[in-house]
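Here is the structure we will look at, set down as structure tokens.
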Ligand SMILES: Nc1ncnc2c1ncn2[C@@H]1O[C@H](COP(=O)(O)OP(=O)(O)O)[C@@H](O)[C@H]1O
Ligand SMILES: [Mg+2]
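In our numbering, the protein residues as written are 6 to 344.
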């Protein structure tokens with residue numbers, strides 16, 4: 006196949022995207038595919054750019070992004086459609102996180118260009134990126150979620166309807182950026198301001214103590230459940246991207262009924278948002294044994310050691326095969342993509 010890996014993005018997760026893209030490129034080339042790399046900010050990478058950009062290590066904290074934004078806007082409106090490496094590809098493999106790349110805008114542009122791309126379509130991507138809307142659809146589909154309010158939120162309402170602590174987070178972000186655990190009314194306003202730096206829409210969500218579980222979905226099949234045990238109280242940016250800062254167990258040690266229930270809920274959540282191709286659905290399991298869905302990730306991390314690749318490996322699917330299968334599941338709403 007002729008594959009273009011679309012990566013980079015004008016977001017705090019740019020380095021994370023490059024780290025995944027480097028490994029996807031290597032895996033797909035090892036399978037004999039012709040692979041080029043396109044950054045949504047700088048365009049087609051030359052063979053000399055590739056190693057320089059793709060090997061950038063992910064730091065302890067997300068980078069700032071303001072100046073990348075305008076260049077990405079130009080690339081999406083006027084650049085991508087002019088690249089024969091994009092228009093002539095059999096498949097575009099999307100490896101971006103947050104922003105236009107995960108949130109449906111890139112997908113809409115690619116629908117117009119009419120080349121198949123991996124993962125979810127434009128509408129589903131936008132729904133999954135918006136945690137407020139996603140939670141409403143999960144709840145309507147019978148997938149339990151933690152209670153929440155959108156800011157501005159009165160402390161009295163938290164006390165009566167949610168209880169403390171709450172997690173304050175931007176509604177449309179990822180990689181745990183802008184999140185604060187708020188233990189009482191005094192911390193609420195400051196936490197909302199922190200989150201607002203990332204998104205005008207902020208939510209205060211019931212904190213669910215207990216275990217962190219994740220379920221990958223590949224095609225129409227849920228993968229084995231994984232458990233994440235971060236070294237910090239929250240699975241924050243540093244724990245997500247620093248080796249050794251979290252233990253990840255695939256398959257999770259759970260009784261089989263509970264594991265099957267989580268897999269069914271993951272598939273229900275995937276379908277509730279009309280996701281396509283693959284996704285990773287994250288859960289909390291309270292000490293009382295209640296399951297709560299936190300979110301669905303339409304473009305989950307894709308380094309070899311990321312959670313979805315670990316889940317696939319637990320199902321006997323090695324990384325290069327996973328990348329190939331994701332390519333085979335690609336579609337385009339202008340052609341074969343269904344609901
Ligand atoms: N309501 C919650 N209760 C307990 N932990 C939470 C809650 N919300 C978020 N977290 C912690 O923060 C992490 C990131 O939150 P999440 O909502 O998945 O945002 P992101 O899109 O940034 O990954 C979760 O994996 C979990 O460890
Ligand atoms: Mg998450």
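Just so it is clear, CB atoms sit at the ideal spot from N, CA and C, and this is done for glycine as well.
Remember, it's a predicted structure, so these values are computed and weren't measured experimentally.
| Asked | Found |
| --- | --- |
| Should residue 241 be counted as a contact of ligand 2 given a C-beta to heavy atom distance under 7 Å? | no |
| Nearer than 7 Å: is that true of the beta carbon of residue 290 relative to any heavy atom of ligand 2? | no |
| Within a Cβ cutoff of 7 Å, which residues of the same chain sit near residue 244, ignoring the five residues on either side of it in sequence? | 235, 236, 237, 250, 251 |
| Name the residue from 283, 29, 217 whose alpha carbon lies nearest to the alpha carbon of residue 241. | 217 |
| Rounded to a whole number of angstroms, what is the C-alpha to C-alpha distance between residue 200 and residue 171? | 13 Å |
| Looking at residue 306 and residue 313, is the spacing between their C-beta atoms short of 8 Å? | yes |
| Using a Cβ-Cβ distance under 8 Å, would residue 333 count as near chain B? | Absent from the structure is chain B; it holds one protein chain and no more. |
| Would you mind sorting residue 175 into buried or exposed? The rule is 16 or more other CB atoms within 10 Å of its CB. | buried |
| Between residue 317 and the rest of its own chain, which residues show a CB-CB distance below 7 Å, the 5 nearest in sequence each way excluded? | 221, 223, 228, 327 |
| Tell me, please, whether the region 198 to 215 touches the region 253 to 266 by the rule of three or more beta-carbon pairs shorter than 8 Å. | no |
| In whole angstroms, what is the alpha-carbon distance linking residue 336 and residue 303? | 14 Å |
| Going by C-alpha to C-alpha distance, which of 45, 112, 55, 192 sits closest to residue 163? | 192 |
| Could you round the C-beta distance between residue 70 and residue 16 to whole angstroms and report it? I think they count as a contact, below 8 Å. | 6 Å |
| Nearest-angstrom Cα distance between residue 119 and residue 6? | 17 Å |
| Starting from residue 36 and walking both ways along the alpha helix (DSSP H), at which residues does that stretch end? | Taken as a continuous stretch (DSSP letters only), residue 36 belongs to no alpha helix (DSSP H), as it is neither H nor E. |
| Whose CA, out of 179, 197, 157, lies closest to the CA of residue 186? | 197 |
| Would you please state the rounded distance, in angstroms, between the beta carbons of residue 90 and residue 43? I believe it to be under 8 Å. | 7 Å |
| Could you give the first and the last residue of the continuous alpha helix (DSSP H) run that contains residue 221? | Counting along the chain, residue 221 falls outside any alpha helix (DSSP H), though it belongs to the beta strand (DSSP E) covering 216 to 223. |
| Can you round the beta-carbon distance between residue 85 and residue 46 to whole angstroms, since I take them to be within the 8 Å contact cut? | No, residue 85 and residue 46 are not in contact; Cβ-Cβ is about 11 Å, not under 8 Å. |
| When we look at the beta-carbon of residue 126 and count the other beta-carbons within 10 Å, is it buried (16 or more) or exposed? | buried |
| Go ahead and label residue 79 buried or exposed: buried means 16 or more other beta carbons lie within 10 angstroms of its beta carbon, across all protein chains shown. | exposed |
| Quick one: does the C-beta of residue 198 sit closer than 7 Å to a heavy atom of ligand 2? | no |
| Please classify residue 161: does DSSP put it in a helix, a strand, or coil? | helix |
| Which residue comes first and which comes last in the beta strand (DSSP E) that contains residue 209? | 207 to 211 |
| If you pair each beta-carbon of the region 89 to 107 with each one of the region 258 to 274, do three or more pairs fall below 8 Å? | no |
| Name the DSSP bridge partner or partners of residue 302? | 285 |
| For residue 181, verify whether its CB is less than 7 Å away from any heavy atom of ligand 1. | yes |
| Who are the Cβ neighbours of residue 92 in its own chain at under 7 Å, not counting the five residues just before and after it? | 86, 118, 120 |
| Which residues share a DSSP beta bridge with residue 174? | 208 |
| Quick check: does the Cβ of residue 174 come within less than 7 Å of any heavy atom belonging to ligand 1? | yes |
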